[in-house]
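Asks: So the sequence shown is numbered by this note's numbering: it starts at 7 and just counts up by one. Submitted below is the structure of interest, expressed as structure tokens.
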Amino acid sequence: MALDFAAGCVGGAAGVLVGHPFDTVKVRLQVQNVDKPLYRGTFHCFQSIVRQESMLGLYKGIGSPMMGLTFINAIVFGVQGNAMRKLGRDTPLNQFLAGAAAGTIQCVICCPMELAKTRMQMQGTGEKKSKKKMYKNSLDCLVRIYRKEGFRGINRGMVTTLLRETPGFGVYFLAYDVLTRSLGCEPEDPYMIPKLLFAGGMSGIASWLSTYPVDVIKSRLQADGVGGVNKYGSIADCVRQSLQKEGYRVFTRGLTSTLLRAFPVNATTFATVTLFLMYMRREEECGMQNTEPPAVQLQPQPTSM
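Following this line, the structure appears as structure tokens:
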């Protein structure tokens with residue numbers, strides 16, 4: 007189980023570095039004012055952020071996911087691996103159930119982390135150098151929200167996070183299992199790494215497509231209140247207002263940047279996790295084979311680990 011947690015940490019950090027710029031674009035598109043939109047679409051948003059706020063603008067709020075997602079991935083892969091061992095049989099249904107359990111448990115960290123990330127990403131929109139920063143960093147953001155709104159404030163969007171993460175992670179692990187089996191990802195296969203990257207990337211896309219409308223509502227609820235004005239009274243109110251003003255297309259806002267991000271992020275994450283586990287388990291096996299039985303050891307012998 008410790009290896010599952012370690013692999014999740016490494017994979018999570020790699021995924022954040024690859025995908026955060028796309029996430030910033032996604033959030034900006036999801037929450038922009040429909041009456042006075044700043045961005046015409048994904049590529050215009052990307053260009054505008056770079057032009058107006060520099061390349062660093064794309065990495066606003068990365069502190070929160072770099073700390074949070076690294077730990078979240080450790081939880082996700084650790085819980086999923088442990089759940090599969092408890093369930094016993096490696097079946098598609100069990101992969102879904104283990105993934106759903108992992109998705110549910112990590113919401114405790116995911117929700118506050120994404121709240122801070124969203125608020126940081128919205129800060130200084132359209133400004134190369136923010137004249138007045140409300141939050142210094144992700145931690146300062148959460149502290150300020152807690153002081154003002156308490157425990158409930160830092161868990162804003164928890165219900166929508168649960169509605170997104172529980173089925174989303176079930177689909178995530180189910181799709182990866184089905185694809186790796188179909189592609190025949192074996193250690194001796196010379197094309198194993200490209201196959202792992204493809205399976206991971208497509209699993210991420212499948213997961214996002216299955217829950218994306220919920221993510222739009224979650225982002226809007228978590229961004230609500232920036233500037234001191236609250237527009238939504240509840241999840242239902244947010245859905246109602248969004249539909250009235252923007253129609254059903256509101257549920258696809260930012261989808262292009264999300265899918266562009268989903269493939270490389272999840273390809274990197276899953277391939278890193280899988281290769282890390284394979285390498286470490288191989289090292290463990292070699293270490294066990296090279297270690298002499300304790301009864302005949304005169305002195306402790308070093309293993310190959």
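Positions of the beta carbon are idealized from the N, C-alpha and C atoms, including for glycine. Everything numeric in this text was worked out from a predicted model, so none of it was measured.
#1: Can you name the start and end residues of the alpha helix (DSSP H) that G206 belongs to?
#2: Just reading off the alpha helix (DSSP H) that M119 is part of, what are its end residues?
#3: Do the CB positions of T76 and A19 come within less than 7 angstroms of each other?
#4: Mark F269 as exposed unless 16 or more other C-beta atoms lie within 10 angstroms of its C-beta, in which case mark it buried.
#5: Does DSSP put P43 in a helix, a strand or coil?
#6: Taking DSSP as the reference, what is the three-state secondary structure of A20?
#7: So, is T274 buried or exposed, given that buried needs 16 or more other C-beta atoms within 10 angstroms?
#8: Enumerated in chain order, which unbroken segments of the alpha helix (DSSP H) with a length of 4 residues or greater are wholly contained in the region 138-166?
#9: Can you check whether the CB of T172 is closer than 7 angstroms to the CB of G109?
#10: Tell me which same chain residues have a C-beta within less than 6 angstroms of the C-beta of M128, skipping the five on either side of it?
#11: Do Q101 and L189 count as a contact pair if the criterion is CB distance below 7 angstroms?
#12: Beta carbon of Q112, beta carbon of I78: below 7 angstroms?
Replies: Result, derived from the coordinates:
#1: On the sequence shown, position 200 is the one that residue 206 refers to. Segment M198 to A229, the alpha helix (DSSP H) holding G206.
#2: By one-based count along the sequence shown, residue 119 stands at place 113. From DSSP, the alpha helix (DSSP H) with M119 extends over C113 to M128.
#3: Against the sequence shown, residue 76 aligns to sequence position 70. Against the sequence shown, residue 19 aligns to sequence position 13. Their beta carbons are under 7 angstroms apart, which means T76 touches A19 by this criterion.
#4: For this step, residue 269 is matched to residue 263 along the sequence shown. By the 10 Å Cβ count, F269 comes out buried.
#5: Counting from one through the sequence shown, the residue named residue 43 turns up at place 37. Correct three-state label for P43: coil.
#6: For the purposes of this step, residue 20 is taken as residue 14 along the sequence shown, with counting starting at 1. Helix at A20.
#7: Position 268 of the sequence shown, counted from the first residue, corresponds to residue 274. That one is buried.
#8: 144-160
#9: One-based indexing of the sequence shown puts residue 109 at position 103. One-based indexing of the sequence shown puts residue 172 at position 166. Yes.
#10: As a first step, residue 128 must be located in the sequence shown, where it is residue number 122. If we look at M128 and ignore the five residues flanking it on each side, its Cβ neighbours are A229 and V232.
#11: On the sequence shown, position 183 is the one that residue 189 refers to. On the sequence shown, position 95 is the one that residue 101 refers to. Cβ distance not < 7 angstroms, so L189 and Q101 don't count as in contact.
#12: Here the question's residue 112 lines up with position 106 in the sequence shown. Here the question's residue 78 lines up with position 72 in the sequence shown. Going by C-beta atoms, Q112 is nearer than 7 angstroms to I78.
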